[in-house]
Amino acid sequence: DTYETEECKAQYAWQLTSFPSCNSLHENDLSNLHARRKREEKVRLVAHGYWRDVWMIREFDGSMQALKTIRYEHDWEERNFDRHRRDALAMERLTASKYVVNIYGFCGNSGTFEYSTGGDIGDAIWENESDKELTNMDK
4 DTYETEECKA QYAWQLTSFP SCNSLHENDL SNLHARRKRE EKVRLVAHGY WRDVWMIREF
64 DGSMQALKTI RYEHDWEERN FDRHRRDALA MERLTASKYV VNIYGFCGNS GTFEYSTGGD
124 IGDAIWENES DKELTNMDK
């Protein structure tokens, strides 16, 4: 692995593995962005971080999942590809924890996850600051 060095090596072989499930990700249709009613809504862009956009996707049974896709402004780079592989691997290993959302699929820089309605990590950390006006430094 190109990211291993003499000083930094994987502790276990499973840390270098990957379990992509591309078919389940490519089944999602992101073209229906203009539903008339909330219950008809199949997909919606709900948030983004620095690396990925987060979409709400509605499954055939009405359940919701979060789809994370790499943001358009980022070029494909092997290092970022490996970051997302490690993220998916860590999520897969932590699915037994009730404190970690489940991962349902992973392919390349994208993944589908359990949908959480509780907001994002910023809302959890700074819950009383949602109405606070941002300074130029904050922006």
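Per our numbering, the sequence shown starts with residue 4, numbered consecutively. Glycine residues also receive a C-beta, built at the ideal position from the N, C-alpha and C atoms.
Supposed contact pair residue j and residue i - C-beta distance, whole angstroms, cut 8 Å
{"i": "C110", "j": "S24", "result": "7 Å"}
Cβ-based neighbour list, residue i, same chain, cut-off 7 Å, excluding 5 preceding and 5 following
{"i": "K142", "result": "Low local confidence applies: a pLDDT of 45 at K142 is under 50, so the model's placement there is unreliable, with the coordinate-based value given in what follows. Excluding residues within five positions, none has a Cβ falling inside 7 Å."}
{"i": "E95", "result": "F22, I106"}
{"i": "V49", "result": "V57, W58, M59"}
{"i": "N31", "result": "I60, L70"}
Proximity of residue i and residue j at Cβ, strictly below 8 Å
{"i": "K45", "j": "S113", "result": "no"}
{"i": "A13", "j": "E7", "result": "yes"}
{"i": "L28", "j": "G108", "result": "yes"}
Run of the alpha helix (DSSP H) containing residue i, from where it starts to where it stops
{"i": "L70", "result": "No alpha helix (DSSP H) holds L70; the beta strand (DSSP E) holding it covers 67-73."}
{"i": "R82", "result": "81-96"}
{"i": "C110", "result": "Where C110 is concerned, there is no enclosing alpha helix (DSSP H), although the beta strand (DSSP E) it sits in stretches over 106-110."}
{"i": "N26", "result": "25-29"}
Extent of the continuous beta strand (DSSP E) run through residue i
{"i": "D56", "result": "55-61"}
{"i": "S113", "result": "113-117"}
Identity of the residues DSSP links to residue i by a beta bridge
{"i": "G125", "result": "Answer by DSSP bridge pairing: none, since G125 is not bridged."}
{"i": "H51", "result": "D56"}
{"i": "V46", "result": "I60"}
8 Å Cβ shell around residue i - same chain, five flanking residues per side excluded
{"i": "N83", "result": "W54, I73, H77, N112"}
{"i": "E10", "result": "none"}
{"i": "D90", "result": "G114"}
Close Cβ partners of residue i (< 6 Å) along its chain, the five nearest in sequence each way excluded
{"i": "A69", "result": "V57, F116, Y118"}
{"i": "D123", "result": "A50"}
{"i": "G125", "result": "none"}
{"i": "D4", "result": "Residue placement at D4 is poorly supported in this model, since its pLDDT is 46, which falls under 50; the coordinates are not used for a value here."}
{"i": "A38", "result": "E44"}
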